[in-house]
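Colleague:
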Amino acid sequence: MIRRVLFICLLGSALAATGSAYAAGSLFSGLGYGIIEDFTTSRGIGMGNAGLALRDSTALNFANPALLADLRRVHLSVGGYAARQWIKDTQASDVDDWAQVEFFGLGIPLARGLAVGLTMSPYSRVDFEYAWEDDLPNLPTSFQTYQGSGGLTRAALQAAWAPGSWGQIGVAGSAIWGEVEEVRGSYISEPGYQDLEFVTSKQWLAFSGRVGLLLTPSPKLNIAATYEPEVPVDLNQEYSISNQDTLVTSEAEFRLAARYGLGASWQVSPQWLTAAQVFYGAWDGISDLPVNSANYQNSLELAVGAEWAPGAPDADRFMNRLSYRFGARRESSYLLADGDPVEAYFGTAGISYPFHGGRDRLDLSLELGRRGSLSANTAEETVLRFRLGLNLGETWFQRTKPDWQK
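What the sequence shown shows, in the working numbering, is residues 1450 to 1855, in sequence order.
1) Decide if the segment 1543-1562 is in contact with the segment 1509-1527; the criterion is three or more beta carbon pairs, one per stretch, under 8 Å apart.
2) Would you call the CB atoms of L1670 and A1515 closer than 8 Å?
3) Quick check on the burial criterion: 16 or more other C-beta atoms within 10 angstroms. Buried or exposed for M1768?
4) Just to confirm, are I1476 and V1740 a CB contact at a threshold of 8 Å?
5) Return the Cβ separation of A1701 and A1499 in integer angstroms, given the expectation that the two are a contact with Cβ distance under 8 Å.
6) Give the secondary structure of Y1471 by DSSP, where H, G and I count as helix, E and B as strand, and everything else as coil.
7) Kindly give me the distance between the Cβ atoms of A1673 and G1712, rounded to whole angstroms, as I take these residues to be in contact under 8 Å.
8) Straight-line CA distance for T1507 to A1531?
9) Would S1782 pass as a contact of R1492 if the rule is Cβ separation under 8 Å?
10) Please name the residue in E1628, T1723 and R1820 whose C-alpha comes closest to that of L1684.
11) For K1855, name the three-state secondary structure that DSSP assigns.
12) With L1827 and L1815 assumed to form a contact (beta carbons below 8 Å), what rounded beta-carbon distance in angstroms separates them?
13) So is G1613 buried or exposed if we call it buried at 16+ other beta carbons inside 10 Å?
14) For G1497, which of G1842, L1839, R1834 and L1841 has the nearest alpha-carbon?
15) Answer with buried or exposed for A1472, where buried requires no fewer than 16 other C-beta atoms within 10 angstroms of its C-beta.
16) Leaving aside the five residues before and after Q1534 along the sequence, list all residues of the same chain whose C-beta is less than 6 Å from its C-beta, in chain order.
17) Consult DSSP for R1521 and reduce its assignment to one of helix, strand or coil.
18) Using 10 angstroms around the beta-carbon of D1576, count the other beta-carbons present and answer buried if the total reaches 16, otherwise exposed.
19) Any C-beta of chain B sitting closer than 8 Å to the C-beta of W1615?
20) Helix, strand or coil for N1840, going by three-state DSSP, please let me know.
21) Give the straight-line distance between the Cα atoms of A1470 and R1766, rounded to the nearest whole angstrom.
22) Can you give me the C-alpha to C-alpha distance between T1602 and D1787, rounded to a whole angstrom?
23) Look at the Cβ atom of D1809, then the Cβ atom of L1785, and state whether they are nearer than 8 Å.
24) Just how far apart, CA to CA, sit Y1579 and Y1595?
25) Answer with buried or exposed for P1640, where buried requires no fewer than 16 other C-beta atoms within 10 angstroms of its C-beta.
26) Taking only runs of the beta strand (DSSP E) that begin and end inside the segment 1763-1808, which ones reach a length of at least 3 residues, in chain order?
27) What does the alpha-carbon distance come out to for the pair V1753 and T1490?
28) Give the straight-line distance between the Cα atoms of N1744 and L1654, rounded to the nearest whole angstrom.
29) Got a sec? Which residues, its chain only, sit under 7 Å from T1539 by beta carbon, not counting five neighbours each side?
30) Grab the span of the alpha helix (DSSP H) containing S1824 for me, first residue to last.
31) Look at E1756 and R1778 and say whether their C-beta atoms are less than 8 Å apart.
32) Helix, strand or coil for I1672 per DSSP?
33) Distance, Cα to Cα, D1789 vs D1737?
34) Could you check where the beta strand (DSSP E) with F1647 kicks off and where it finishes?
35) Near T1590, what residues of its chain come up, given a Cβ to Cβ distance below 6 Å and the 5 sequence neighbours on each side ignored?
36) Using the Cα positions of Y1636 and Q1643, report the straight-line distance between them to the nearest angstrom.
Below, the structure is given as structure tokens:
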């Protein structure tokens, strides 16, 4: 009883805290929709985020709705991260720290091979700040700033069905929404001049969907594919100036690109599992974009990873109960900075601790990487992120067979 009360309390707290789940911040996030992420699972993130084809009856998959059919119990997945980011451009360097709840998911099996779920995860994050001095003829030196914060969150209703041992099918309907505030400031310290701040508040809203497929041609091999269509996204903007009471509003419609995913996992041995995936975004050719379309390109993400599980969840030795993971990821963003692609490279490592006989699991992972290049983009970032994911299972909505039927 106490466990179920705690489960409900955690469920409510996680749902409230994930109302604004954003991706990682970045100096490059002031372009377009910000830095876009495809979060898979708390298990897959330790394997380079190569979780598209990872079968898992303990944790929810946020990228492939077909994996929901693996659930045998009601499951709650919730997690977050703490991050440190070292930022450098041609003029200066800085360090930024932040932490947040990142994802929430609830999956409910209705029958064996049939399940529904609700997930909330980051779509993008905007978090940047620039500052410089302006020296204009016959005017005092002014200090200029440009900063933005916010991002987009995705909430999805999922359903999955396993028609046979050969595979699983899943669909998801999602809402993508968020708010971004941008502030441009001009400050002059000499008397007779007034500081000015130009504030732009942007509210985004889009409705999308995703189809997922998991094929199992052999007990050791899983192949996954996902598709998300190109959809319109509405933008409502409000403009204001610090020394005026006037508020100007405007509306516009842009597009979010179609996204494709393909992944595979291979059980090399009872102890070793490998996985790989690719995500592709078809941005090139879309004209309705918030920044000049010449600043966009097709996005590509490649990820590989492996997991070593030396023993069963109830093994006598503590170290044998743990699973150990490592992986790597390369990202080529949909954004161009200074006319060149923004490339990123990450290495990951993780462990997980199963408890209650494997019904529940704690996933820990560490991610270190670099985004951008001083030579190509005039800026670069080194990112260190520590993630924690908690996956809990309950037997709600499941009727236990009487003894005479067992």
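The beta carbon of each residue, even a glycine, is placed where N, CA and C say it ideally should be.
Modeller: The relevant details are as follows:
1) As far as the Cβ criterion goes, the segment 1543-1562 touches the segment 1509-1527, which means the pair count is three or higher.
2) Taking 8 Å as the Cβ cut-off, L1670 and A1515 do not qualify as a contacting pair.
3) Exposed, because fewer than 16 other Cβ atoms sit within 10 Å of the Cβ of M1768.
4) One detail in the question is off: residue 1476 reads as Leu in this sequence, not Ile. No, the Cβ-Cβ distance between L1476 and V1740 is not below 8 Å.
5) That pair is no contact at about 36 Å.
6) Because the pLDDT of Y1471 is 47, which lies under 50, any placement of that residue in the model is unreliable, and the question is left without a value.
7) Contact between A1673 and G1712 holds, since their C-beta atoms are separated by about 4 Å, short of 8 Å.
8) Cα to Cα, the separation comes out at about 23 Å.
9) S1782 places its beta carbon 8 Å or farther from that of R1492.
10) Check the Cα spacing between L1684 and each of E1628, T1723 and R1820: the tightest is with E1628.
11) Since pLDDT at K1855 reaches only 45, below the 50 mark, its modelled position is unreliable, and the value read off the structure follows with that caveat. Correct three-state label for K1855: coil.
12) Just to set this straight, residue 1827 is Thr in the shown sequence, not Leu. In this structure, T1827 and L1815 do not form a Cβ contact; the two beta carbons are roughly 29 Å apart against a cut-off of 8 Å.
13) By the 10 Å Cβ count, G1613 comes out exposed.
14) That would be R1834, whose Cα lies nearest to the Cα of G1497.
15) In this prediction, A1472 has a pLDDT of 45, which is less than 50 and means its spatial position is unreliable; what the coordinates show is noted afterwards. Buried, by the Cβ-count rule.
16) Result list for Q1534: D1545, E1830 and V1832, in chain order.
17) Coil.
18) Buried, since its Cβ has 16 or more Cβ neighbours within 10 Å.
19) Protein chain content of the structure displayed is limited to a single chain, and chain B is not contained in it.
20) Here N1840 sits in strand by DSSP.
21) Confidence at A1470 is low in this model, with a pLDDT of 48, below 50, so the placement of that residue should be treated as unreliable; the coordinate-derived value is given next. Here the alpha carbon of A1470 sits roughly 37 Å from the alpha carbon of R1766.
22) In a straight line, the C-alpha of T1602 is about 28 Å away from that of D1787.
23) The answer is no: Cβ separation not under 8 Å.
24) Spanning the alpha carbons of Y1579 and Y1595 requires a straight line of approximately 5 Å.
25) That one is exposed.
26) The segment 1763-1808 contains these whole beta strand (DSSP E) runs: 1772-1786 and 1789-1804.
27) Near 14 Å, if we compare the C-alpha coordinates of T1490 and V1753.
28) Each residue's alpha carbon lies about 22 Å from the other.
29) Taking C-beta separations shorter than 7 Å and ignoring five residues to either side along the sequence, the partners of T1539 in its chain run L1823 and T1827, following chain order.
30) Annotation: the continuous alpha helix (DSSP H) that includes S1824 extends over L1823 to N1826.
31) For the 8 Å CB-CB criterion, E1756 and R1778 do not form a contact.
32) Strand, per DSSP.
33) In this model, D1789 and D1737 are separated by some 21 Å (Cα to Cα).
34) It spans L1645 to S1667 - the beta strand (DSSP E) in which F1647 sits, taken as one unbroken run.
35) Correct list, in chain order: E1582 and D1584.
36) Whole-angstrom Cα-Cα distance: 7 Å.
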